[in-house]
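What follows is a single structure, written as structure tokens, with notes after it.
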Amino acid sequence: MIFMDKPWLKNYPKEIPASLEYPELVVPDMLTRAYEKYRDRVAIHFMGKELTYGQLYHSALACARALVKMGIQPGDRVSIMLPNCPQYVIAYYGIMMAGAVVVQTNPLYVERELTYQLNDVSAKAIIAIDLVYPRVAKVIDQTPLQHVIITSVKDYLPFPKNLLYPLVAKRRGQYVQVPFGEKIYSFKEWLKSGENASLPPKAAPDDLALLQYTGGTTGTPKGVMLTHRNLVVNAHQCQAWLYNTSENEQEVILGAVPLFHVYGMTTVMNYTIYTGNKMILLPKFEVEEVLKTIDRQRPTMFPGAPTMYTALINHPDVQRYNISSIKACISGSAPLPLEVKTRFEELTKGKLVEGYGLSEASPVTHCNLIWGENVLGSIGLPWPDTEAAIISLESGEFVGVNEIGELAIRGPQVMKGYWNRPEETEQVFKDGWLLTGDLAYMDERGYFYIVDRKKDMIIASGFNIYPREVEEVLYEHPAVKECAVIGVKDPYRGETVKAFIVLKEGKTVTEEELDKHCRQKLASYKVPRLYEFRSELPKSMIGKVLRRLLVEEEKAKEKESREQTGA
Numbered sequence: 083m084i085f086m087d088k089p090w091l092k093n094y095p096k097e098i099p100a101s102l103e104y105p106e107l108v109v110p111d112m113l114t115r116a117y118e119k120y121r122d123r124v125a126i127h128f129m130g131k132e133l134t135y136g137q138l139y140h141s142a143l144a145c146a147r148a149l150v151k152m153g154i155q156p157g158d159r160v161s162i163m164l165p166n167c168p169q170y171v172i173a174y175y176g177i178m179m180a181g182a183v184v185v186q187t188n189p190l191y192v193e194r195e196l197t198y199q200l201n202d203v204s205a206k207a208i209i210a211i212d213l214v215y216p217r218v219a220k221v222i223d224q225t226p227l228q229h230v231i232i233t234s235v236k237d238y239l240p241f242p243k244n245l246l247y248p249l250v251a252k253r254r255g256q257y258v259q260v261p262f263g264e265k266i267y268s269f270k271e272w273l274k275s276g277e278n279a280s281l282p283p284k285a286a287p288d289d290l291a292l293l294q295y296t297g298g299t300t301g302t303p304k305g306v307m308l309t310h311r312n313l314v315v316n317a318h319q320c321q322a323w324l325y326n327t328s329e330n331e332q333e334v335i336l337g338a339v340p341l342f343h344v345y346g347m348t349t350v351m352n353y354t355i356y357t358g359n360k361m362i363l364l365p366k367f368e369v370e371e372v373l374k375t376i377d378r379q380r381p382t383m384f385p386g387a388p389t390m391y392t393a394l395i396n397h398p399d400v401q402r403y404n405i406s407s408i409k410a411c412i413s414g415s416a417p418l419p420l421e422v423k424t425r426f427e428e429l430t431k432g433k434l435v436e437g438y439g440l441s442e443a444s445p446v447t448h449c450n451l452i453w454g455e456n457v458l459g460s461i462g463l464p465w466p467d468t469e470a471a472i473i474s475l476e477s478g479e480f481v482g483v484n485e486i487g488e489l490a491i492r493g494p495q496v497m498k499g500y501w502n503r504p505e506e507t508e509q510v511f512k513d514g515w516l517l518t519g520d521l522a523y524m525d526e527r528g529y530f531y532i533v534d535r536k537k538d539m540i541i542a543s544g545f546n547i548y549p550r551e552v553e554e555v556l557y558e559h560p561a562v563k564e565c566a567v568i569g570v571k572d573p574y575r576g577e578t579v580k581a582f583i584v585l586k587e588g589k590t591v592t593e594e595e596l597d598k599h600c601r602q603k604l605a606s607y608k609v610p611r612l613y614e615f616r617s618e619l620p621k622s623m624i625g626k627v628l629r630r631l632l633v634e635e636e637k638a639k640e641k642e643s644r645e646q647t648g649a
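So that you can map any letter, position 491 of the sequence shown is 573 in this note's numbering, and since no number is skipped, the others follow by simple counting.
Pasting the structure below:
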């Protein structure tokens, strides 16, 4: 079988070996190693404030000791609900130093989503930003939470920004007064509480390190179990792929993609710490702020999603900023349009290439060569020690070159399974291969191409959205009889959410009312942007709503529109 021959290896440059030697590390060892080698180097730049590797290491150690002091045991789950900020990195490595398991929690989650996740993992503690405290407070009594640690952006702002922050927050209507006391702690003060606590024995490489939530065709989020080995391996693979970077001078990685997203976690945070480089963290992606940051701070690498690069190249004042420091970008989460790649490379003189990954693989499995041939439309070549194959949907057997089937992955970065879901774990593994749910093919040279998703998942601005979850919220509205949710093409978000609604007899509802209803129960990126009211929905003989027919209708409309406009 051609996949076993690994034809992609013939396209590897001499600098990238087919197989790597991985150090026997656990995730916190990456920070310890960087501290021992580069303690006076800057590790994090955040809105004018800088932390050295020495400061970062000691803060993470203080976090670990404080967790142990409050009773967190090895294997306990601790949630992080923070935007990109120094506290995120401190909490992430501190939790693992304490032997506990990190639970990545999206700060956009509303109470329903938060309650589900915290209960699913039996989280004992959460470290959260003050802006989300009102939501956290509402779910404490409905979850196993014993400790709530709250931090503020101002805790790591330089003077005088830290003093001005409360005034700015009040003016924006974002100021939150947190009632510190029993069960609720101030992160800054809490870090001092475990000074004399002894850490437990270090975890083993194959121990569980992190739970990354993802969904499936059912829309029920599942915790992907990633081990220390999975995460260290993917950071090492990333270093090998970026071989043409400086060993003597720091690379500077711009972190605008969220760290709570598995892609940002690996390509920004873990890669930076593993290599002793510097990360610039931005709490959220704002086009002008990113352009200013590149112009002033001169980052050399910028992992992101296509929507980010699209926004930057289309900013009316992009020519005013010097963004030529960018030399390497790996685009993930969604397909990268050719025109975006071409224009971005013209502006930066750097390289922007498309890669591929999924939460279940820590996440990166494929990428185009940054310093080598780029095959447009392709997700590139499998990474070192990563095997990829295409499996027939009909026969379940491996298929040949240029034949479409389901992409399957095998490698040391692949997850242990889904948290407390052995049956669903069994469904996604076939003879040791991880079934990705994506339809793809491989060409003669070993380049892979994604053609469609087997799953109904929608990817909007790099976020995964599961139609069933949105539909369940819509069904809760008293006027909705039936609904179906699909993803439709969007020039900026890649895809956006469209809902088809059938109303109950005699009932009426407006798009604005449905929007308000959804925003109370869903993170904003999941809320439908388009609605279409119908008298009925297409169904199978047994009454199942056929989403694929709605998708085909939308594609036909798009094609007709292009033909009419000559686009």
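Heads up, the beta-carbon is just placed ideally off N, CA and C, and yes, glycines get one too.
A quick note: this is a predicted structure, and the numbers were derived from the prediction, not measured.
A residue is called buried once 16 or more other Cβ atoms fall within 10 Å of its Cβ, and methionine 86, having fewer, is exposed. Residue pairing by DSSP places glutamate 469 opposite Arg492 in a beta bridge. Going by beta carbons, valine 567 and valine 584 fall outside the 8 Å limit.
Rounded to the nearest angstrom, the Cβ distance from tyrosine 175 to leucine 113 is 5 Å, consistent with a contact under 8 Å.
For tyrosine 267, the enclosing beta strand (DSSP E) covers residues 266 to 268.
Segment contact: the stretch 372 to 381 against the stretch 130 to 139, fewer than three CB-CB distances shorter than 8 Å; contact not assigned.
Methionine 497 sits away from asparagine 316, with the two beta carbons spaced by 8 Å or more. Residue state for threonine 233 is assigned as strand, using DSSP reduced to three classes. Between glutamate 193 and arginine 217, the CB-CB gap stays under 8 Å. Nearest neighbour of serine 141 by Cα position, chosen from Asp111, Thr187, Ala173, turns out to be Ala173.
Each of Ala116, Glu554, Ile540 was checked against the Cα of tyrosine 548, and the nearest Cα belongs to Ile540.
An exposed status is given to valine 250, since fewer than 16 other beta-carbon atoms sit within 10 Å of its beta-carbon. Distance from the CA atom of isoleucine 98 to the CA atom of glutamate 118, rounded to whole angstroms, is 27 Å. Listed in chain order, the non-local C-beta contacts of serine 474 below 6 Å within the same chain comprise Val481, Gly487, local neighbours out to five positions each way being set aside. Scanning its chain for C-beta atoms nearer than 6 Å, with the 5 sequence neighbours on each side dropped, one finds around tryptophan 90 the residues Leu463, Pro464, Gly528, in chain order. Taking 8 Å as the upper bound for CB-CB distance, leucine 143 and methionine 179 are in contact here, some 6 Å apart. In the three-state DSSP reduction, threonine 187 falls in the coil class, being neither helix nor strand.
Threonine 225 sits in coil when the DSSP states are folded into three classes, being neither helix nor strand. Ranked by Cα distance from leucine 489, the options Val314, Tyr500, Leu517, Pro504 are led by Leu517. At the C-beta level, leucine 290 and valine 183 come within 8 Å of one another. In the three-state reduction of the DSSP assignment, glutamate 485 falls in the coil class, being assigned neither a helical nor a strand state.
Three or more Cβ pairs closer than 8 Å define a contact, and the stretch 321 to 339 meets that threshold against the stretch 381 to 396. Distance between arginine 402 and lysine 433, taken at the CA atoms: about 21 Å.
When C-beta atoms of the stretch 344 to 360 are compared with those of the stretch 432 to 450, three or more pairs fall below 8 Å, so the two segments count as touching.
In the structure shown, isoleucine 172 falls within a helical segment according to DSSP collapsed to helix, strand and coil.
Given a length threshold of 3 residues, each whole run of the beta strand (DSSP E) inside the stretch 501 to 568 is given here in chain order: 515 to 524, 530 to 535, 540 to 542, 545 to 547. One thing to note: lysine 586 has its Cβ within 8 Å of the Cβ of lysine 563. The way I'd put it, the stretch 144 to 156 does touch the stretch 272 to 290; three or more beta-carbon pairs between them come closer than 8 Å. Counting only runs of 3+ residues, the beta strand (DSSP E) found wholly inside the stretch 353 to 437 occupies 360 to 363, 410 to 413, in chain order. Under the three-state reduction of DSSP, lysine 96 is assigned to coil, being neither helix nor strand.
Separation of serine 441 and threonine 296 (C-alpha to C-alpha, rounded to the nearest whole angstrom) is 7 Å. Taken through DSSP and simplified to helix, strand or coil, leucine 336 comes out as strand. Beta bridge pairing from DSSP links serine 161 with Val185, Ile208.
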